[in-house]
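Enquirer: Just passing along the structure, written as structure tokens.
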Amino acid sequence: MNSQTNDVYIKKLTTQELGYRKGRLMTGGYFYISKSAVGSFFKELSKNILNDFLRLDFNDPLEPGNIIQATYVYHNDKYVKENGTRNEYRIYHNRDIAKHELHFQPFEIVVFIKENEDNYRIEHFNPRNSEYKILLEVIQKSKIRGNHALLSKKEYNQLLQLRLH
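Read in order, the letters of the sequence shown are residues 22 to 186 in our numbering.
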């Protein structure tokens, strides 16, 4: 692990986390969080408290100055229950984060930017955005399994400067 600050977390969305089953939207959505981002980007939650959680503050992308919240949960019954199997982190969608059921689409890319220890910004890209291809390449080159990447703000800003030239 390098000593750089990971203050940008990039992930490509999947049908599973967005609530699609057999090609149809069936359940509520969430962002699956790679364990590589836990501790290095998002706070680590307790293994001993069943489904430990935090409310995270986000700067509202549609209303600057407005703070919105979402629940960050550690599904950890593997460590708390005798026959538990779950060991994963999620941020659940709500109407503040996802304005409607189709707000986020499979294969879009979401970027979480840490503004400070307790506040984040979300940027959202689809294949029509010029940044999408750049971010997709970052994800593909990442050593993190499953369509995730971590960067410093400096690296992220340098990447996005490429789109302007």
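Each residue gets a CB set at the ideal place from its N, CA and C atoms; glycine is no exception.
Applying the criterion that 16 or more other CB atoms from any shown protein chain within 10 Å of the CB defines a buried residue, is LYS164 buried or exposed?
Expert: Exposed, by the Cβ-count rule.
Enquirer: Where does the unbroken beta strand (DSSP E) through GLN90 begin, and where does it stop?
Expert: That run of the beta strand (DSSP E) goes 88-96.
Enquirer: Just to confirm my understanding: we take ILE118, look at its own chain, exclude 5 residues before and 5 after, and list those with CB closer than 6 Å. What are they?
Expert: Result list for ILE118: ALA91, in chain order.
Enquirer: Just mark LEU171 as buried or exposed, buried being the case when its beta carbon has 16 or more other beta carbons within 10 Å.
Expert: Counting Cβ neighbours within 10 Å, LEU171 comes out buried, since at least 16 surround it.
Enquirer: Would you call the segment 140-151 and the segment 116-130 touching, i.e. three or more CB-CB distances under 8 Å?
Expert: Yes, since at least three Cβ pairs between the segment 140-151 and the segment 116-130 fall closer than 8 Å, the two stretches touch.
Enquirer: Suppose the cutoff is 6 Å on Cβ atoms and the five residues either side in sequence are ignored; what does the same chain contact list for ILE134 look like?
Expert: Excluding residues within five positions, the ones whose Cβ falls inside 6 Å are VAL29, ARG142.
Enquirer: Just how far apart, CA to CA, sit ASN23 and LEU157?
Expert: Residue confidence for ASN23 is low, a pLDDT of 44 falling below 50, so the modelled location carries little weight; the figure read from the coordinates is stated next. Straight-line Cα distance between these residues: approximately 22 Å.
Enquirer: Once you ignore the five residues that flank HIS186 on each side, which residues in its own chain have a CB closer than 8 Å to its CB?
Expert: Residue confidence for HIS186 is low, a pLDDT of 45 falling below 50, so the modelled location carries little weight and cannot support an answer.
Enquirer: Using the rule of at least 16 other Cβ atoms within 10 Å of the residue's Cβ for burial, across every protein chain shown, is ILE88 buried or exposed?
Expert: The residue is exposed, with fewer than 16 neighbouring Cβ atoms inside 10 Å.
Enquirer: Where in the segment 95-137 do unbroken runs of the alpha helix (DSSP H), each at least 4 residues long, occur, reported from the N-terminal end onward?
Expert: Listed in chain order, they are 98-101.
Enquirer: I need the boundaries of the beta strand (DSSP E) containing GLU152, first residue and last residue.
Expert: GLU152 -> not in any beta strand (DSSP E); alpha helix (DSSP H) instead, spanning 151-162.
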